[in-house]
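Protein sequences, first through last, are from chains A, B, C and D. Going by our numbering, 70 is the number at position 70 of the first sequence; the sequence numbering is gapless. Going by our numbering, 58 is the number at position 58 of the second sequence; the sequence numbering is gapless. Going by our numbering, 57 is the number at position 57 of the third sequence; the sequence numbering is gapless. Going by our numbering, 103 is the number at position 103 of the fourth sequence; the sequence numbering is gapless. From the three backbone atoms N, C-alpha and C, an ideal C-beta is built for every residue, glycine too. Remember, predicted model here, so these are calculated numbers, not experimental data. Right, one structure below, let's go through it.
Number of protein chains: 4
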Amino acid sequence: MKLIDTTGLAAAAAQFAHERDWGPYHSPKNLSMALSVEVAELVEIFQWSTEDESRAVMETGEADHVRQELADIAIYLVQLCNAMKIDLNAAVEAKLAMNARKYPAPDRC
Amino acid sequence: MKLIDTTGLAAAAAQFAHERDWGPYHSPKNLSMALSVEVAELVEIFQWSTEDESRAVMETGEADHVRQELADIAIYLVQLCNAMKIDLNAAVEAKLAMNARKYPAPDRC
Amino acid sequence: MKLIDTTGLAAAAAQFAHERDWGPYHSPKNLSMALSVEVAELVEIFQWSTEDESRAVMETGEADHVRQELADIAIYLVQLCNAMKIDLNAAVEAKLAMNARKYPAPDRC
Amino acid sequence: MKLIDTTGLAAAAAQFAHERDWGPYHSPKNLSMALSVEVAELVEIFQWSTEDESRAVMETGEADHVRQELADIAIYLVQLCNAMKIDLNAAVEAKLAMNARKYPAPDRC
Numbered sequence: 001m002k003l004i005d006t007t008g009l010a011a012a013a014a015q016f017a018h019e020r021d022w023g024p025y026h027s028p029k030n031l032s033m034a035l036s037v038e039v040a041e042l043v044e045i046f047q048w049s050t051e052d053e054s055r056a057v058m059e060t061g062e063a064d065h066v067r068q069e070l071a072d073i074a075i076y077l078v079q080l081c082n083a084m085k086i087d088l089n090a091a092v093e094a095k096l097a098m099n100a101r102k103y104p105a106p107d108r109c
Numbered sequence: 001m002k003l004i005d006t007t008g009l010a011a012a013a014a015q016f017a018h019e020r021d022w023g024p025y026h027s028p029k030n031l032s033m034a035l036s037v038e039v040a041e042l043v044e045i046f047q048w049s050t051e052d053e054s055r056a057v058m059e060t061g062e063a064d065h066v067r068q069e070l071a072d073i074a075i076y077l078v079q080l081c082n083a084m085k086i087d088l089n090a091a092v093e094a095k096l097a098m099n100a101r102k103y104p105a106p107d108r109c
Numbered sequence: 001m002k003l004i005d006t007t008g009l010a011a012a013a014a015q016f017a018h019e020r021d022w023g024p025y026h027s028p029k030n031l032s033m034a035l036s037v038e039v040a041e042l043v044e045i046f047q048w049s050t051e052d053e054s055r056a057v058m059e060t061g062e063a064d065h066v067r068q069e070l071a072d073i074a075i076y077l078v079q080l081c082n083a084m085k086i087d088l089n090a091a092v093e094a095k096l097a098m099n100a101r102k103y104p105a106p107d108r109c
Numbered sequence: 001m002k003l004i005d006t007t008g009l010a011a012a013a014a015q016f017a018h019e020r021d022w023g024p025y026h027s028p029k030n031l032s033m034a035l036s037v038e039v040a041e042l043v044e045i046f047q048w049s050t051e052d053e054s055r056a057v058m059e060t061g062e063a064d065h066v067r068q069e070l071a072d073i074a075i076y077l078v079q080l081c082n083a084m085k086i087d088l089n090a091a092v093e094a095k096l097a098m099n100a101r102k103y104p105a106p107d108r109c
């Protein structure tokens, strides 16, 4: 099983952009900016909250807003992979292996 | 088929954090900050590039770096979904439907 | 002469926050998040523009918007200095000296 | 008295960039990206800290790091104003007046 499978979203996002002739705008440079803007919209939800308040956000009126921002982040992430022909699952597998070496679990120390 | 399936990564990221007792640090507030930092590391790669240079980044020595940053973004995105018990696939489906209404394709206008 | 003098803004921002009892919210952690959100609002203006279009932004209907975002960034920057009792002018002087060592001008090489 | 006077830094930053032929890279688009990267380096310092820990950061080994990041933010902010010929003091004055209308102080309600 893959760690992350974005096949469906990759196809849907590519078609969505194609139908609107957005290809010329979707350089990795521009998409990285757009992704950073979406992440900031998520950060904005939590900027004045305590950590405990942020843990309870899905029980508040912000729940839909949070879901929408996370979806936008996923969509731009997949568009970036499309634009650069990156296999996200392979990248995640390699990064998890790097992280396991960088931060060994205590019981392995 | 799901648009995006993060089942495997969600389980791996949860176990990774659990083994290191990182749970107390992984509030949505903190994870949103960490995600914004990872996205900035991607933005940094492109900040002085032209759009055309950014389109060719995977043919340069930055290719592995780009893959690692996209993987980190995917990992934090999934940890945020874990922390808030969000079904990312459902969120993406709903958002794509919203986007289709907000930006109708030209031939449907 | 100072490189940057924020005395007036520091006093105005402190009084503004004091009158609204915002002190408890203005931790450096929260202010750093708020600053990142304001910067993203500036980035959003330029995300789909070419570099040349961005150079001409002040001749467009976005001119006031740009001025407001830069002002917000300056205000949060000064609030961060207030919150941490940082002398911004001294910090800038030290950083410019570091930068001059790190990036020597070509004619000094 | 001005709220914020950046005359000295504006001149120093312009000369620094001129001596290194950085003008072609300093489009508002690129500078906004660079500013967002510097702010993320500040956010990174606080991402796993509690708010109280962030309030005490200047008593830790991160104090110089914080000063350097705030200086970098100030420098890019001023370079953005240079690139777009924006009077930052006038922009801040106008924004403070807007903020006073948007968030009236309690005793004026």
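Own chain, CB closer than 7 Å to residue i, minus 5 neighbours either side, in chain order
i	result
Glu62/D	Ile45
Gly23/C	Ala17
Val92/A	Leu3 and Ile4
Beta-carbon separation (whole angstroms), residue i vs residue j, contact threshold 8 Å
i	j	result
Met137/C	Gln47/A	Outside the displayed span of chain C (1 to 109) sits residue 137/C, for which this structure offers no information.
Ala105/D	Arg20/C	6 Å
Ala71/C	Lys95/D	4 Å
Leu88/A	Thr6/A	6 Å
Leu3/A	Ala12/B	6 Å
Ile86/C	Arg67/D	6 Å
Beta-carbon proximity check, residue i vs residue j, cutoff 8 Å
i	j	result
Val39/D	Ser36/C	yes
Inter-residue Cα distance where the pair is residue i and residue j
i	j	result
Met1/D	Leu9/C	10 Å
Thr60/D	His65/B	31 Å
Lys29/D	Val57/B	19 Å
Leu31/B	Asn99/A	17 Å
Tyr103/C	Tyr103/D	44 Å
Tyr25/C	Ser49/A	8 Å
Val43/A	Val43/D	11 Å
Nonlocal neighbours in the same chain, by C-beta distance under 8 Å from residue i, ignoring five residues either side
i	result
Glu111/B	Examination of residue 111/B is not possible in this model, given that chain B is present from 1 through 109 alone.
>> Can you confirm whether the stretch 49 to 61 of chain D touches the stretch 75 to 82 of chain B when touching is taken to mean that 3 or more C-beta pairs between the two stretches lie within less than 8 Å?
In response: Under the Cβ criterion (8 Å, minimum of three pairs), the stretch 75 to 82 of chain B does not count as touching the stretch 49 to 61 of chain D.
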